[in-house]
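Student: So the sequence lines, in the order shown, correspond to chains A and B.
Residue numbering for the first sequence follows the numbering used here, beginning at 3 and increasing consecutively.
Residue numbering for the second sequence follows the numbering used here, beginning at 3 and increasing consecutively.
Even glycine gets a Cβ: it sits at the ideal position worked out from N, Cα and C.
Every value quoted in this text rests on a predicted model; they were computed, and no experiment measured them.
2 protein chains.
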Amino acid sequence: MSINPERFLKSLHDLRQFGASGVGKGVVRPAFSDDDIAARNWLADQMRAAGLTAHFDPVGNLFGLADGPSILLGSHSDSQPEGGWLDGALGVMAALEVARASDVPVSVVSFQDEEGRFGVTTGSAIWSGNLPLDQADGLKDHAGVPFAEARARMADLAGDFVHPSRFTGYVEMHIEQGPTLDTDGEQIGVVTEIVGIRDMKITFDGQQNHAGTTPMHLRRDAFQALSAFNAELEERFRNVVTPRTVWTIGHVSLHPNASSIVPGRVTFSMQWRDGDPDRLNRMEEIVRATAGDIASAKGMEVSFGPLLGLEPVAMDTKLQSVLAASAEQVAPNKWRKMPSGALHDATNVAQLMPVAMLFVPSIGGISHAFEEDTDEADLVAGVQVLFGAVNALF
Amino acid sequence: MSINPERFLKSLHDLRQFGASGVGKGVVRPAFSDDDIAARNWLADQMRAAGLTAHFDPVGNLFGLADGPSILLGSHSDSQPEGGWLDGALGVMAALEVARASDVPVSVVSFQDEEGRFGVTTGSAIWSGNLPLDQADGLKDHAGVPFAEARARMADLAGDFVHPSRFTGYVEMHIEQGPTLDTDGEQIGVVTEIVGIRDMKITFDGQQNHAGTTPMHLRRDAFQALSAFNAELEERFRNVVTPRTVWTIGHVSLHPNASSIVPGRVTFSMQWRDGDPDRLNRMEEIVRATAGDIASAKGMEVSFGPLLGLEPVAMDTKLQSVLAASAEQVAPNKWRKMPSGALHDATNVAQLMPVAMLFVPSIGGISHAFEEDTDEADLVAGVQVLFGAVNALF
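1) Write down the C-beta distance between glycine 66 of chain A and valine 110 of chain A rounded to the nearest angstrom, noting that I regard them as a contact closer than 8 Å.
2) According to DSSP, is aspartate 158 of chain A part of a helix, a strand, or is it coil?
3) With the cut-off set at 8 Å, would you say valine 387 of chain B and alanine 329 of chain B are in Cβ contact?
4) Looking at glycine 307 of chain A and lysine 203 of chain A, is the spacing between their C-beta atoms short of 8 Å?
5) By how many angstroms is the C-alpha of threonine 185 of chain A removed from the C-alpha of threonine 247 of chain B?
6) Starting from the C-beta of serine 271 of chain A, find all residues in its chain whose C-beta is less than 7 Å away, skip the five residues before and the five after it, and write them out in chain order.
7) Nearest-angstrom Cα distance between aspartate 69 of chain B and leucine 98 of chain B?
8) Using a C-beta to C-beta distance shorter than 8 Å, which residues of chain B count as neighbours of glutamine 275 of chain A?
9) If we ignore side chains and look at the alpha-carbon of each, how far apart do alanine 303 of chain A and tryptophan 44 of chain A end up?
10) At 7 Å on the CB atoms, spell out the chain B contacts of alanine 344 of chain A, in chain order.
11) In whole angstroms, what separates the C-alpha of phenylalanine 361 of chain B from that of glycine 208 of chain A?
12) Is the beta carbon of alanine 348 of chain B sitting closer than 8 Å to the one on tyrosine 172 of chain B?
13) Cβ atoms of alanine 224 of chain B and phenylalanine 239 of chain B: under 8 Å apart, would you say?
14) Using a Cβ distance threshold of 8 Å, determine whether the region 116-131 of chain A contacts the region 143-163 of chain A, with at least three qualifying pairs required.
15) Run through DSSP, which three-state label would arginine 281 of chain A get?
16) How is the alpha helix (DSSP H) around threonine 319 of chain A delimited, first residue to last?
17) Let me check understanding here. Comparing Cα to Cα, which of A:Ala230, A:Gly390, A:Leu312 and A:Lys339 lies closest to asparagine 397 of chain A?
18) Glutamine 179 of chain A CB to nearest chain B CB: under 8 Å?
19) I'd like to check one pair, methionine 355 of chain A with alanine 166 of chain A: are the Cβ atoms closer than 8 Å?
20) Tell me, please, whether the region 49-57 of chain B touches the region 17-24 of chain B by the rule of three or more beta-carbon pairs shorter than 8 Å.
21) Is serine 397 of chain A helix, strand or coil by DSSP?
22) Taking C-beta pairs closer than 7 Å, name the residues in chain A that alanine 260 of chain B reaches, listed in chain order.
23) Anyone know if the C-beta pair for glycine 343 of chain B and arginine 281 of chain B falls short of 8 Å?
24) Is it right to say asparagine 393 of chain B is buried, meaning 16 or more other beta carbons lie within 10 angstroms of its own, or is it exposed?
25) Tell me the residue span of the beta strand (DSSP E) that contains isoleucine 128 of chain B.
26) Enumerated in chain order, which unbroken segments of the beta strand (DSSP E) with a length of 3 residues or greater are wholly contained in the region 67-104 of chain B?
27) Verify the CB distance criterion: does serine 229 of chain B have a CB-CB separation below 8 Å to chain A?
28) Could you compute how far the alpha carbon of aspartate 318 of chain A sits from the alpha carbon of leucine 220 of chain A?
29) Let's see if you can read the secondary structure: which residues bound the alpha helix (DSSP H) around phenylalanine 225 of chain B?
30) Looking at C-alpha atoms only, which residue of A:Leu135, A:Pro334 and A:Phe163 is the closest neighbour of histidine 57 of chain A?
31) If we call anything under 8 Å between Cβ atoms a contact, is histidine 212 of chain B one with glycine 146 of chain A?
32) Within 8 Å of any Cβ in chain A, is that where the Cβ of aspartate 127 of chain B sits?
33) Do you know how far the Cα of glutamate 237 of chain B is from the Cα of alanine 40 of chain B?
34) Between the Cα of phenylalanine 231 of chain B and the Cα atoms of B:Pro258, B:Arg168, B:Lys339 and B:Ala299, which residue gives the shortest distance?
35) Which same chain residues end up closer than 8 Å to arginine 18 of chain A when comparing Cβ atoms and leaving out the 5 residues on each side of it in sequence?
36) Between proline 7 of chain A and valine 382 of chain A, what straight-line distance do the alpha-carbon atoms span, to the nearest angstrom?
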């Protein structure tokens with residue numbers, strides 16, 4: 003048996019009809035919305051048609067189960083509030099096509115709320131034990147709706163949680179969500195690890211003052227501290243980071259944030275990501291020392307919020323090697339090994355079983371936007387690589 | 003006749019009872035509030051007791067008129083939403099004390115809404131013709147109340163506008179609202195000019211992106227553009243500014259302002275102040291060129307909002323010289339000439355007649371806060387200087 007590219011692409015376009023929105027191939031299908039639930043019911047029908055047993059768990063994760071031990075493939079079919087047609091949906095439909103095309107036992111999953119309406123990768127986090135269910139039930143979305151109320155919308159579908167021991171491993175196909183493959187004209191990325199994240203809020207407290215009457219040399223201006231911190235941090239990171247390391251100041255809150263007042267306080271987010279836990283720790287030391295030095299130099303106070311962190315997750319070496327071999331066959335010299343800078347359900351599933359991931363290019367590196375897209379030839383190459391790898395396992 | 007320090011200070015403390023609030027000597031007496039109107043009625047009584055004719059104009063400015071041509075002294079008795087007991091109230095009570103103590107013709111004014119609940123120095127701006135009344139009537143406060151509705155609260159008190167030709171000049175005493183006099187242990191500042199202001203919003207448009215998957219070298223990060231602009235501007239200003247020049251980035255709005263997203267857009271305020279219009283213009287050129295260069299270097303778009311500006315206002319040389327002579331007599335070697343970095347009602351009144359200002363110290367440079375204060379010895383020195391100068395004019 004083999005992959006049927008037309009069938010695969012048609013299924014992907016069919017799924018997009020649930021929540022099709024915006025420009026291009028945009029999709030609005032957030033977790034537990036009417037469109038999300040309708041899409042999951044349609045997916046369950048597709049799973050049954052492929053000979054799988056469709057099964058919803060108590061938090062909306064949808065499994066298409068093969069009989070006996072199997073390899074689990076999939077991702078998530080919920081979208082960002084403004085998302086594209088691929089993202090997690092690609093991994094789910096690729097999994098379904100591989101299940102259709104394979105004689106070996108392949109199960110399929112669409113996790114719920116990967117996009118974090120309520121938490122972060124909520125459905126797979128609960129399934130893997132990373133997030134206790136009673137704690138999840140208290141999480142609220144931006145409108146104040148609790149998770150417990152949202153999942154109650156699917157209560158009529160829900161069975162028990164699926165025991166992970168029936169799966170021998172998990173492979174997730176996904177769009178890269180970055181520009182690397184597209185920029186270099188490659189078709190496939192075999193993921194080596196999902197990078198770890200450190201994230202904290204930093205606050206500089208200076209002196210709020212009149213922007214007309216306070217001479218420059220007497221100011222303790224919180225924005226100036228932030229700007230100096232940012233510049234100094236780049237210098238100090240230089241000998242520590244790799245070309246793959248990233249760091250971001252994405253949130254800035256000045257107080258009182260008025261054009262005629264020297265700002266007395268700023269709170270900002272400092273986030274950094276890398277695949278090496280030692281480097282993440284070294285960067286934390288530099289962040290703290292730099293902020294402390296800037297505060298001292300400028301006569302200000304600095305305080306640090308709690309450090310939020312996710313450890314890097316290594317992909318299973320055996321699964322990586324079958325993916326690499328399959329990539330070399332499907333797309334010779336047009337694939338690479340690379341880390342994933344984004345979080346995925348695989349991060350959680352790694353608590354339960356060996357996991358691996360493969361990427362296809364994101365045109366222009368764009369994702370989480372209506373404009374997200376990938377050449378159909380690359381989508382088909384991805385599902386071929388997945389098919390080849392899975393069949394090599396048995 | 004001479005100044006009565008006890009009477010002056012008692013009047014100042016009496017006025018504070020209207021809206022006394024917060025810690026220390028805090029005051030909450032915004033324009034047209036119950037406390038502001040009660041304070042103005044009390045002030046009118048004080049003016050009558052001093053032999054002046056109390057007169058409200060249609061926008062709440064309160065005059066205590068001497069007969070015939072006179073010198074006008076005063077400031078404003080409204081406060082910031084959280085203000086101190088001095089600010090404009092000091093200039094009004096100092097004027098009243100000088101009127102009480104003088105044989106020469108002295109009129110007193112308390113302008114309305116100097117603190118800008120509706121506009122900027124609203125009452126004196128209307129009186130001077132800088133702000134047309136019908137335009138002012140449409141201005142709304144933060145709660146959406148129009149100026150027309152607010153001034154209607156005082157309609158029962160209102161007479162006509164006072165014709166400015168009855169005044170030979172205007173002198174305003176005020177707290178410095180900055181740290182210069184306090185830091186240097188001086189008692190009096192004779193103001194040379196009120197500095198001009200330029201203020202505009204600048205926007206950098208880059209590329210919003212995923213903070214995990216977008217390598218540093220491919221980012222077009224709006225916050226990084228802002229930080230680089232800020233640093234480069236300081237370099238380029240260095241040979242243009244004086245120790246009195248100030249500039250401020252007090253308002254920053256990042257989009258989408260989330261810790262996991264490379265910010266694609268930032269809009270921020272750029273404000274600068276100086277007493278020299280040529281320098282203000284030269285700084286504008288530098289601001290625009292620097293922003294343009296940073297945008298080019300980082301592959302971003304830059305756009306500029308409208309340039310808001312107030313020209314510098316020179317103080318009348320004759321009034322300055324009588325103030326200086328009086329200061330040297332009252333506080334020998336403990337006074338200086340200095341610009342005002344803050345706006346005052348005198349800015350508007352300068353459209354109508356010769357104006358001058360004198361400052362007393364602000365402890366710690368603090369104003370527009372409950373903590374605002376000045377040593378009583380300095381307050382008395384200020385009113386003595388004002389008295390001496392006024393009497394030297396006749």
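Tutor: Considering the structure as presented:
1) That belief holds up - the Cβ atoms of glycine 66 of chain A and valine 110 of chain A are roughly 4 Å apart, short of 8 Å.
2) Of the three classes helix, strand and coil, the one that applies to aspartate 158 of chain A here is helix, per DSSP.
3) Cβ atoms of valine 387 of chain B and alanine 329 of chain B: closer than 8 Å.
4) Closer than 8 Å, so yes.
5) Straight-line Cα distance between these residues: approximately 47 Å.
6) Result list for serine 271 of chain A: Asp201, Lys203, Ile251, Gly252 and His253, in chain order.
7) When rounded, the separation of the alpha-carbon atoms in aspartate 69 of chain B and leucine 98 of chain B is 15 Å.
8) Looking at the sequence shown, residue 275 of chain A is not glutamine but arginine. Within chain B, the residues whose beta carbon sits less than 8 Å from that of arginine 275 of chain A are Ala213 and Gly214, listed in sequence order.
9) A small fix is needed here, since residue 303 of chain A is glutamate in this sequence, not alanine. Rounded to the nearest whole angstrom, the CA to CA distance from glutamate 303 of chain A to tryptophan 44 of chain A is 56 Å.
10) His212, Gly214 and Thr215, listed in chain order.
11) If you take the alpha carbons of phenylalanine 361 of chain B and glycine 208 of chain A, they lie about 26 Å apart.
12) In this structure, alanine 348 of chain B sits near tyrosine 172 of chain B, with a CB-CB distance shorter than 8 Å.
13) Not closer than 8 Å, so no.
14) Proximity of the region 116-131 of chain A to the region 143-163 of chain A meets the contact definition, three or more beta-carbon pairs being nearer than 8 Å.
15) The three-state reading of DSSP puts arginine 281 of chain A in helix, counting H, G and I together.
16) From DSSP, the alpha helix (DSSP H) with threonine 319 of chain A extends over 319-332.
17) No answer is possible for residue 397 of chain A: it lies beyond the span of chain A, which begins at 3 and ends at 396.
18) Output row for glutamine 179 of chain A: interface = yes.
19) According to the sequence shown, residue 166 of chain A is proline rather than alanine. In contact: proline 166 of chain A and methionine 355 of chain A (Cβ atoms closer than 8 Å).
20) Taking a cut-off of 8 Å for Cβ pairs, the region 49-57 of chain B and the region 17-24 of chain B do not touch, as fewer than three such pairs fall below it.
21) Absent from the model: residue 397 of chain A. The displayed extent of chain A is 3 to 396, so no value can be given.
22) Simply Gly252 and His253.
23) For glycine 343 of chain B and arginine 281 of chain B, no; Cβs fall outside 8 Å.
24) Using a 10 angstroms sphere on the CB of asparagine 393 of chain B, the tally of other CB atoms reaches 16 or more, which defines it as buried.
25) Where isoleucine 128 of chain B is concerned, there is no enclosing beta strand (DSSP E), although the alpha helix (DSSP H) it sits in stretches over 124-130.
26) With a minimum length of 3 residues, the continuous beta strand (DSSP E) runs that stay inside the region 67-104 of chain B are 72-78.
27) So, interface residue.
28) Rounded to the nearest angstrom, the two C-alpha atoms are 57 Å apart.
29) Taken as a continuous stretch (DSSP letters only), the alpha helix (DSSP H) holding phenylalanine 225 of chain B covers 224-239.
30) Minimum Cα distance to histidine 57 of chain A is reached at A:Phe163.
31) Cβ distance not < 8 Å, so histidine 212 of chain B and glycine 146 of chain A don't count as in contact.
32) First, the residue type needs correcting, since residue 127 of chain B is alanine and not aspartate in the sequence shown. Interface annotation, alanine 127 of chain B: not in contact with chain A, CB-CB separation never under 8 Å.
33) Those two C-alpha atoms are separated by around 51 Å.
34) The shortest Cα separation from phenylalanine 231 of chain B among B:Pro258, B:Arg168, B:Lys339 and B:Ala299 belongs to B:Ala299.
35) Spatial neighbours of arginine 18 of chain A in its own chain (CB-CB distance under 8 Å, excluding positions within 5 residues in sequence) are listed in chain order as Lys27, Val29, Trp87 and Ala91.
36) Their Cα atoms are separated by approximately 6 Å.
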